[in-house]
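See structure below.
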Amino acid sequence: MAYQVLARKWRPQTFAEMVGQEHLARTLKNAIRQNRIGHAYLFVGSRGIGKTTTARIFAKALNCRHNQDGEPCCQCDNCLEIAQGNSMDVIEIDGASHNKVEDIRDIRDGVQYTPVKGKYKIYIIDEVHMLTTAAWNALLKTLEEPPEHVKFLFATTEPHKVLPTIVSRCQRFDLRRIPVPLIVQRLRQICDGEHIAVEDAALTAIARAADGGMRDAQSILDQMIAFCGGADGSVAVSEQDVVNVFGLASGQELSETAAALFANDLDRAFAVIQVLADGGRDLERFFDDLVGFMRNLMLAATCRDASRYLEVSETEMADLLAIGKAVPPRQIQQALQLLLAQEWSFRTALNKRLYLEVVLSRVTTELHSVQLDDIMTHLNVLGGFLPPQELPAPNHTVNLPPSTRIDRPTPMAKPVVPPAAAPAPAVAQKPQPLAPEPRPQPEPAPMPAPVPPMPAVAPQAAPKPAPMPAEPVAMPEFQPIPEYASDEQPEYSEQNIPSSVLMSDSNPADLYQRLLNELGYAREQKLLDMIGHGFQPISFENNLLTLGYSFNDVDADDVRQLLDARNNVVLQMVFRKVWPNGKILLCRITEDGLEETVHKGQRHATEDERKEIAERPAIHQLRQALNLEVIDARIKE
Ligand SMILES: [Zn+2]
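Note that our numbering has the sequence shown beginning at 43, numbered continuously upward.
What follows is the structure, encoded as structure tokens:
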């Protein structure tokens with residue numbers, strides 16, 4: 043006997059054998075049992091989920107001689123003939139190719155004749171949305187009042203293309219997408235019946251690829267058996283085979299990617315993408331699957347009995363629960379939201395791989411930055427609007443947003459120590475390990491030479507409107523000090539800060555120059571350009587270096603950028619390399635004198651005031667919870 047594809051061989055023959063369409067089977071069986079049979083039925087659903095199969099079973103049930111409670115017996119001659127497709131009373135028409143008026147006229151003429159053997163003459167018209175309007179009009183009258191012995195069974199994938207007047211004359215049934223576990227179950231049944239060895243994970247992958255369609259799933263299974271070389275059970279079909287052939291991502295790759303995002307480990311995520319891209323897998327499909335995985339993860343993490351909603355195998359469920367337990371649900375929701383927000387852009391992106399990498403980096407960055415919600419919750423708790431138990435567990439997700447340029451953790455962590463201790467020891471200790479090195483080279487040290495140190499602008503003199511000679515502004519492009527520019531230690535780190543820097547006095551012009559040098563070491567060229575042009579040191583008091591500028595000399599946009607949170611943090615951090623605990627204040631020089639750019643009517647807290655503020659209970663609690671330091675505070679004047 044010729045080979046019959048699995049989908050045909052294993053086509054369900056009774057309502058009981060149909061998978062995932064219980065609602066429909068029950069209604070149709072009841073209709074037959076109670077003899078309340080309509081004259082036209084419309085079966086709606088995507089391809090391969092059993093519309094035609096349903097119609098055939100229903101036709102059998104209608105004409106069966108030994109109908110058992112609405113089910114066809116599959117034994118009588120009518121059942122057998124219908125199953126083999128040679129019953130005179132069941133006429134199957136393909137609407138796609140028989141969509142003309144003439145074709146319908148044949149039907150219209152045919153309904154006059156009574157059935158040959160069965161009780162009913164049944165017309166099954168597939169792809170009924172393809173019929174032309176003229177064809178429908180020809181059928182309309184017949185459809186409205188067909189002879190007693192005629193039943194119409196229509197099937198369509200696109201019900202919206204069927205004329206409303208037609209739909210209203212039919213009983214409409216929507217077939218459901220078949221859930222993955224049911225498809226897997228059915229495939230397993232088939233494999234057992236055919237004695238084919240297939241991994242469970244492979245069946246799950248097949249079911250996922252089939253996207254709810256049983257026929258697709260069975261076709262894929264057929265193809266996989268052929269691919270793996272034998273239906274004799276000698277070679278098992280593995281998940282990897284399915285993944286390779288259909289360009290899918292395996293469940294493990296999905297969970298690995300998700301875990302990488304939550305662990306803030308882009309390296310891992312990129313490794314997965316590399317594998318996918320190398321294997322020529324469909325990245326768009328991967329993105330969809332990743333979104334699906336996150337959704338499953340969210341349900342697994344938040345629902346008491348997630349298995350009710352999830353179409354996953356047991357191993358996948360275990361994966362989901364493992365990640366779901368380790369990650370706060372809100373973070374999962376956030377990841378899902380972020381991915382969904384990128385969906386459209388991703389579809390239209392030309393370079394999928396690049397875009398995918400960008401998306402994943404963005405998601406990771408967002409997931410691991412301080413959340414406004416967290417801050418609001420803290421403030422609400424502090425204000426007594428929320429009970430303390432609402433506080434998120436400290437530091438579980440919270441990190442400072444990573445700076446793109448300064449990626450070493452030290453600069454942010456360091457200031458935790460000094461504030462309490464007097465600045466003096468910090469200064470004193472630093473030079474010791476380094477002292478021997480830089481000292482012996484006195485030559486390069488007087489590096490400020492090219493730039494005439496700001497002619498010791500007396501702090502008080504500065505406010506005068508005129509003091510911005512164009513010349514000093516023409517700060518030459520910063521040249522790194524030779525000893526650091528040269529060979530071995532190009533990297534900027536605490537280790538190679540010259541001790542002279544740490545030891546030196548507190549002349550504002552000097553500090554300013556050293557700040558410029560430090561910006562050069564730190565490769566903060568943009569900040570260096572901005573702060574190096576048009577700014578001048580005004581004063582240095584209470585660890586606060588005031589830099590003045592006038593809009594005559596600088597670009598307002600530059601100032602705005604310098605005050606931007608990230609740039610400002612970098613600037614302050616770099617300055618603290620020059621002067622531990624030091625801070626920079628940018629002031630505009632106006633005709634009336636110095637004017638602070640931001641926070642008018644407020645002044646910077648002095649160091650002592652800042653410490654006092656940082657220790658206030660509310661602030662202290664907030665600091666601890668978010669792992670933040672107070673580096674600036676303002677006080678009303
Ligand atoms: Zn029968």
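All residues carry an ideal CB built from backbone N, CA and C; glycine is no exception.
Residue environment: aspartate 151 is assigned as exposed (fewer than 16 neighbouring CB atoms within 10 Å of its CB, all protein chains considered). Here the segment 225-240 makes no contact with the segment 99-117; the two share fewer than three CB pairs at distances below 8 Å. When only Cα atoms are considered, glycine 590 and leucine 627 end up about 8 Å apart. Inter-segment contact for the segment 169-184 and the segment 199-214 is present: three or more beta-carbon pairs are separated by less than 8 Å.
Straight-line measurement puts the Cα of serine 387 at about 23 Å from the Cα of leucine 339. Assigned with DSSP and collapsed to three states, glycine 590 falls in strand. For isoleucine 580, the enclosing beta strand (DSSP E) stretches over residues 577-583. Shown here, phenylalanine 85 sits in a strand according to DSSP, grouped into three states.
A check of alpha carbon separations from aspartate 283 across Arg327, Ala243 and Pro188 identifies Ala243 as the nearest.
Here aspartate 168 is bridged, per DSSP, to Asp136.
In this structure, the alpha-carbon of leucine 396 lies about 11 Å from that of glutamine 316. Counting the other CB atoms within 10 Å of its CB gives lysine 159 a total below 16, which places it among the exposed residues. For alanine 391, the CB contacts under 6 Å within the same chain, skipping 5 residues up- and downstream, are Tyr397 in chain order. The alpha carbon of glutamine 227 has as its nearest neighbour, out of Glu353, Gln431 and Thr56, the alpha carbon of Glu353. Distances taken from the Cβ of asparagine 128 to the heavy atoms of ligand 1 include none shorter than 7 Å. Counting only the Cα atoms, aspartate 253 lies some 25 Å from valine 401.
Here DSSP, grouped into helix, strand and coil, assigns valine 192 to strand.
At least one heavy atom of ligand 1 is found less than 7 Å from the C-beta of glutamine 117. Annotation for tryptophan 178: Leu205 and Ile208 place their beta carbon closer than 7 Å to its own, counting only its chain and skipping 5 residues before and after.
If you ignore the 5 residues before and after valine 620, its C-beta comes within less than 7 Å of the C-beta of Val543, Leu553, Arg556, Leu557 and Glu560, all in its own chain and listed in chain order. A straight-line Cα-Cα distance of about 40 Å links asparagine 72 and leucine 362. Between serine 280 and isoleucine 365, the beta carbon gap of about 24 Å keeps them out of contact (Cβ cut-off 8 Å).
Remark: the C-beta of histidine 108 is in contact range of ligand 1, defined as less than 7 Å to any heavy atom. Shortest gap from the CB of proline 114 to any heavy atom of ligand 1: under 7 Å.
Asparagine 109 is positioned such that its CB atom lies no closer than 8 Å to that of isoleucine 79. Spanning the alpha carbons of glycine 87 and leucine 424 requires a straight line of approximately 55 Å. For cysteine 121, the shortest C-beta to heavy atom distance toward ligand 1 is below 7 Å. With a cutoff of 8 Å on beta-carbon distance, arginine 211 and leucine 195 are scored as not near each other.
Under the DSSP assignment, aspartate 552 falls in the alpha helix (DSSP H) whose first and last residues are 550-563. Annotation: the continuous beta strand (DSSP E) that includes isoleucine 677 extends over 676-678. DSSP assignment within the segment 383-422 yields the following whole alpha helix (DSSP H) runs of 4 residues or more, N-terminal first: 385-390 and 394-409. By the 16-neighbour rule on beta-carbons within 10 angstroms, cysteine 345 is exposed.
The segment 114-122 makes no contact with the segment 82-97, as fewer than three CB pairs between them are under 8 Å. About 5 Å separates the beta carbons of glutamine 260 and leucine 48, which is inside the 8 Å limit, making them a contact pair.
Sequence-distant Cβ neighbours of leucine 664 in its own chain, meaning closer than 6 Å and more than five residues away, are His420. Residue environment analysis places glycine 426 among the exposed positions, since fewer than 16 neighbouring C-beta atoms fall within 10 angstroms of its C-beta.
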